[in-house]
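Structure record follows, encoded as structure tokens.
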Amino acid sequence: MRITEHPVLGKLEKKPVTFSFNGKKYEAQAGESIAAALLANDIRILRYTEKHGTPRGIYCGIGHCYECRVMVNGERNFRACITPVKQDMQILSQHGEIL
Amino acid sequence: MTYDLVVIGAGPAGMSAAIKAAKAGAHVAIIDENPVSGGKLLGQLYHEPDSGWWVGRNIAREMIAKASSLGVAIFRKMEIWGIFPKWNIMLNNGERLTTEHVLIATGAAEKAIPVEGWTKPGVMAIGAAQTLTNFHRVKPGKKVVIIGVDPLSLSVAQELKMAGVEVAGIYPPPATEVSSDKSNPKQIIQGLSAMAHLAPNALLKAAGKAANHPTIKNIAAKCYPSFGVKVWGIPLHLRKTITAIEGEKQVEQVRITAIDGNGNQKNGRTKTMGVDCVCISGGLYPLSELAEAAGCDFVYIEELGGHVPLHSPELETTKDGIYVAGNITGIEGAKVAMAQGELAGTAISSRLGLLQKGSDAISEAQVKVQDARANAVITFQQHIESGREKLAQCWHTNVQTSSGKG
Amino acid sequence: MDKRTEICRCEEVKLGEILNAINNGAKTSKALKLATRAGMGICQGRTCQPVLEQIISYYTNQNIQETPGLSTNHPVRPLSLEELAGNRKDL
Chain E
2 MRITEHPVLG
12 KLEKKPVTFS
22 FNGKKYEAQA
32 GESIAAALLA
42 NDIRILRYTE
52 KHGTPRGIYC
62 GIGHCYECRV
72 MVNGERNFRA
82 CITPVKQDMQ
92 ILSQHGEIL
Chain W
47 MTYDLVVIGA
57 GPAGMSAAIK
67 AAKAGAHVAI
77 IDENPVSGGK
87 LLGQLYHEPD
97 SGWWVGRNIA
107 REMIAKASSL
117 GVAIFRKMEI
127 WGIFPKWNIM
137 LNNGERLTTE
147 HVLIATGAAE
157 KAIPVEGWTK
167 PGVMAIGAAQ
177 TLTNFHRVKP
187 GKKVVIIGVD
197 PLSLSVAQEL
207 KMAGVEVAGI
217 YPPPATEVSS
227 DKSNPKQIIQ
237 GLSAMAHLAP
247 NALLKAAGKA
257 ANHPTIKNIA
267 AKCYPSFGVK
277 VWGIPLHLRK
287 TITAIEGEKQ
297 VEQVRITAID
307 GNGNQKNGRT
317 KTMGVDCVCI
327 SGGLYPLSEL
337 AEAAGCDFVY
347 IEELGGHVPL
357 HSPELETTKD
367 GIYVAGNITG
377 IEGAKVAMAQ
387 GELAGTAISS
397 RLGLLQKGSD
407 AISEAQVKVQ
417 DARANAVITF
427 QQHIESGREK
437 LAQCWHTNVQ
447 TSSGKG
Chain Z
121 MDKRTEICRC
131 EEVKLGEILN
141 AINNGAKTSK
151 ALKLATRAGM
161 GICQGRTCQP
171 VLEQIISYYT
181 NQNIQETPGL
191 STNHPVRPLS
201 LEELAGNRKD
211 L
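Below you can see the structure in the form of structure tokens.
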């Protein structure tokens with residue numbers, strides 16, 4: 002899913018970091034958002050809703066809708082779309098529980 | 047901490063204002079919840095008729111460097127949870143900034159178009175797809191369809207294609223209680239022809255030209271081919287819509303059905319197409335919750351995109367010292383936002399006594415806003431000028447009826 | 121629109137529930153919010169408010185009100201007590 006070559010923006014310079022999502026290790030680009038890093042690894046389901054437990058992913062992509070919130074290093078409710086991924090970050094998808 | 051000016055939102059409007067006021071000698075802070083400053087500039091990428099590629103992230107980078115060099119305090123990853131007289135800005139790290147002048151430049155949010163299945167992962171707002179593609183350099187999907195035919199969706203379609211994403215089609219939204227003109231092929235054609243005159247993007251330009259062609263304009267809604275018209279290799283559909291987005295856990299396919307020239311579904315027959323991403327483009331609306339919390343008066347002006355804080359020709363709201371600039375005042379492009387930011391920065395500098403006596407700086411800045419509007423290569427709201435006039439009228443009436451300010 | 125279509129994504133409120141509330145007399149987005157929780161969730165109506173306004177306008181034949189109808193209150197953004205106390209954890 003990574004756009005490595007772009008006709009206007011050029012070649013993507015690799016700056017790899019590793020992180021985990023739901024216990025599995027993945028590679029990301031340093032500085033990119035958690036949501037972008039997961040999508041680059043073809044992962045779209047970020048959490049499950051409180052009421053009906055239905056899956057949700059990136060919606061607005063700029064921090065307005067809060068649909069993409071995930072647990073980071075044991076803390077809840079980080080918006081994956083505006084939280085930069087860092088080396089060894091441990092990310093979990095949230096399920097049902099209240100805020 | 048106390049500042050001469052606190053700017054909320056580090057997009058094109060906020061950054062321009064901060065730079066302008068700091069240049070004049072003001073002590074300025076700028077706050078944004080994002081880790082990187084630039085707002086919607088970060089995802090922008092389009093070709094300008096005269097000056098080549100507009101790469102928003104590069105513009106943003108230059109502005110950040112400029113603001114830093116002028117001593118602007120830049121707060122990143124900070125949310126504002128409150129704004130209290132007169133004026134205290136409350137950050138979510140417990141900090142409080144005190145100032146007499148606040149510029150609210152929080153931009154816009156996307157209008158949703160609810161479609162059956164639109165909560166499934168893989169369905170996203172068109173702006174998310176733009177940011178992912180051009181800023182993060184990640185494809186929003188391998189095979190994407192777009193719901194909503196407007197200048198933004200046509201621009202993003204081309205950006206997606208340029209990045210190697212298969213754009214399987216652009217469709218009007220299904221006609222519902224909330225879709226209004228957006229699902230009416232006749233209205234879509236009329237809108238495109240009005241908004242695409244200087245379009246910086248081949249797809250938009252072609253669509254606009256086609257829409258301007260008298261024959262096409264007259265018969266298009268009726269006789270538009272059922273297989274769509276390929277523009278820049280992307281099928282643009284006006285006689286089909288997406289009625290449902292399906293998939294067990296995430297997007298797997300869309301359900302497509304034929305519509306007539308007015309957007310009504312013709313028969314119950316549908317077919318499906320496999321995709322992994324659906325982008326919804328319902329337009330933008332001014333994001334104004336902080337102005338509301340501060341107690342500013344509002345007007346609803348459809349032509350500007352929704353509810354906007356009532357404001358003066360110098361961009362001050364009905365609350366003393368609170369200014370607005372950029373998309374919170376009405377939906378327009380980044381260059382208008384930048385010009386408005388400069389105007390607000392100039393007006394506030396003047397109030398701070400930082401401009402020379404008899405300076406024409408404010409009226410010059412107002413002319414620059416009008417020029418930016420007149421030269422805009424993309425228009426997002428069809429009747430923006432009349433929206434601006436309505437607002438000016440409302441302000442005029444407000445000044446006449448109320449003697450003092452809040 | 122199908123009555124099962126979700127309108128408020130945060131509180132998972134469907135069109136059918138919104139229409140029931142309108143039939144029971146809710147004529148503003150604030151009244152709708154109190155009746156159904158639509159617009160009351162973590163995004164504070166940022167996604168559904170324009171849709172709610174259009175639905176009300178369509179079914180009650182009224183113009184959209186001048187002021188954004190959800191009545192923004194402090195805190196404008198979700199805020200934990202830890203954050204309020206100045207103990208925000210930065211990553």
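Protein chains in written order, with our numbering: chain E, 2 to 100; chain W, 47 to 452; chain Z, 121 to 211. By construction, the Cβ of each residue, glycine as well, lies at the ideal position given by its N, Cα and C atoms.
TODO: Put W/E125 into one of helix, strand or coil per three-state DSSP.
DONE: W/E125: coil per DSSP, three-state reduction.
- [ ] Have a look at W/R301 and W/E162 and give me their C-alpha separation to the nearest angstrom.
- [x] Taking the straight line from one Cα to the other gives about 10 Å.
Open item on the list: Within the continuous alpha helix (DSSP H) that includes Z/L139, where are the two ends?
Closed with: Under the DSSP assignment, Z/L139 falls in the alpha helix (DSSP H) whose first and last residues are 135-143.
Task: Residues that E/K25 bridges to, as DSSP identifies them - done: DSSP lists E/F22 as partners of E/K25.
TODO: Excluding the 5 residues preceding and the 5 following W/T144 in the sequence, name in chain order all residues of the same chain whose CB lies nearer than 6 Å to its CB.
DONE: The answer, listed in chain order, is T48, N134.
Open item on the list: Cβ closer than 7 Å: which chain E residues qualify as neighbours of W/L178?
Closed with: Those within 7 Å of W/L178 in chain E are A37, L40, G62.
Open item on the list: Just to confirm before moving on: does the CB-CB distance between W/V345 and W/C440 stay below 8 Å?
Closed with: Yes, the pair counts as a contact, with Cβ atoms nearer than the cut-off.
TODO: List the DSSP bridge partners of W/E456.
DONE: Nothing about residue 456 of chain W can be reported from this structure: the residues present for chain W run from 47 to 452 only.
Task: Spatial neighbours of E/K16 in its chain, beta-carbon cut-off 6 Å, leaving aside the 5 residues before and after - done: Within the same chain, and ignoring the five residues on either side of E/K16 in sequence, the residues whose Cβ sits closer than 6 Å to its Cβ are Q30, A31.
TODO: May I ask you to list the residues that DSSP assigns as paired with W/C323?
DONE: As a beta-bridge residue in DSSP terms, W/C323 pairs with W/V190.
Task: Inter-residue Cα distance where the pair is W/V211 and W/K157 - done: Near 24 Å, if we compare the C-alpha coordinates of W/K157 and W/V211.
Open item on the list: Just to confirm my understanding: we take W/G433, look at its own chain, exclude 5 residues before and 5 after, and list those with CB closer than 7 Å. What are they?
Closed with: These residues qualify, in order along the chain: I347, E349, L350, G376, Q427.
Task: Best match in Z/P170, Z/E131, Z/G161 for proximity to W/G352 [C-alpha to C-alpha] - done: Taking each of Z/P170, Z/E131, Z/G161 in turn and checking the Cα distance to W/G352, the smallest one comes out for Z/P170.
Task: chain E contact residues for W/R183, given Cβ-Cβ distances below 9 Å - done: Within chain E, the residues near W/R183 are R3, I4, T5, H7, L10, L13, Q30, E33, A37, A41.
Open item on the list: Using only CA atoms, which one of W/V324, W/I394, W/Y331, W/L87 lies nearest to W/I430?
Closed with: If we check each option's Cα against that of W/I430, W/Y331 comes out closest.
Task: Within chain Z, the residues that W/L336 reaches when beta carbons sit closer than 7 Å - done: Near W/L336 (Cβ distances below 7 Å), the residues of chain Z are V196.
Open item on the list: So if DSSP puts W/H357 in a beta bridge, which residue, or which two residues, is it bridged to?
Closed with: According to DSSP, W/H357 bridges with W/T363.
Open item on the list: Quick check on W/E294: buried or exposed, where buried means 16 or more other Cβ atoms within 10 Å of its Cβ?
Closed with: Classification of W/E294: exposed, given that the 10 Å Cβ count is below 16.
Task: CA-to-CA distance, E/R80 to Z/E203, given in whole angstroms - done: One C-alpha to the other measures close to 16 Å.
Open item on the list: I'd like to know if Z/L199 contacts chain W, where contact means its C-beta is closer than 8 Å to some C-beta of that chain.
Closed with: Yes, because at least one Cβ of chain W sits closer than 8 Å to the Cβ of Z/L199.
Open item on the list: For a quick check, are the C-beta atoms of W/T363 and W/A339 less than 8 Å apart?
Closed with: No, the pair does not count as a contact, with Cβ atoms beyond the cut-off.
Open item on the list: Cβ closer than 9 Å: which chain E residues qualify as neighbours of W/N80?
Closed with: Contact of W/N80 with chain E by beta-carbon distance below 9 Å involves I63, G64, I83.
Open item on the list: Looking at chain Z, is there any beta carbon in it that lies within less than 8 Å of the beta carbon of W/G274?
Closed with: Closer than 8 Å: no.
TODO: Examine chain E for any beta-carbon lying closer than 8 Å to the beta-carbon of W/G210, and answer yes or no.
DONE: For W/G210, at least one C-beta of chain E is nearer than 8 Å to its own C-beta.
- [ ] For E/T19, decide whether its Cβ has a neighbour in chain W, counting only Cβ atoms nearer than 8 Å.
- [x] Answer no: the Cβ-Cβ gap between E/T19 and chain W never drops below 8 Å.
Open item on the list: Excluding the 5 residues flanking W/W164 on each side, which residues of the same chain have their C-beta closer than 7 Å to its C-beta?
Closed with: If we look at W/W164 and ignore the five residues flanking it on each side, its Cβ neighbours are I291, I326.
- [ ] Decide if the stretch 304-313 of chain W is in contact with the stretch 175-195 of chain W; the criterion is three or more beta carbon pairs, one per stretch, under 8 Å apart.
- [x] Verdict: no, contact absent.
Open item on the list: By the three-class DSSP mapping on this structure, what secondary structure does W/H182 have?
Closed with: Per DSSP, reduced to three states, the secondary structure at W/H182 is helical.
Open item on the list: Considering only the alpha carbon of each residue, which of W/V202, W/A154, W/S225 lies closest to W/T177?
Closed with: Closest option to W/T177, Cα to Cα, is W/V202.
TODO: Quick one: give me the first and last residue of the alpha helix (DSSP H) that Z/L172 is part of.
DONE: Residue range 169-180 is occupied by the alpha helix (DSSP H) that includes Z/L172.
- [ ] Decide if the stretch 58-77 of chain W is in contact with the stretch 392-399 of chain W; the criterion is three or more beta carbon pairs, one per stretch, under 8 Å apart.
- [x] Counting Cβ pairs under 8 Å, three or more are found: they touch.
- [ ] Would you tell me roughly how many angstroms separate the C-alpha atoms of E/L93 and E/V73, rounded to the nearest one?
- [x] Those two C-alpha atoms are separated by around 7 Å.
Task: Residues that W/M109 bridges to, as DSSP identifies them - done: None, per the DSSP bridge assignment.
Open item on the list: Going by DSSP in three states, W/N373 sits in which element: helix, strand or coil?
Closed with: Under the three-state reduction of DSSP output, W/N373 falls in the helix class.
TODO: Determine which residues of the stretch 153-170 of chain Z have a Cβ less than 7 Å from any Cβ of chain E, and write them out in chain order.
DONE: Along the stretch 153-170 of chain Z, the positions whose C-beta sits under 7 Å from a C-beta of chain E are I162, C163, R166, T167, read in chain order.
- [ ] Report the option in W/I216, W/G194, W/K403, W/K414 whose CA atom is closest to the CA atom of W/A390.
- [x] Nearest neighbour of W/A390 by Cα position, chosen from W/I216, W/G194, W/K403, W/K414, turns out to be W/K414.
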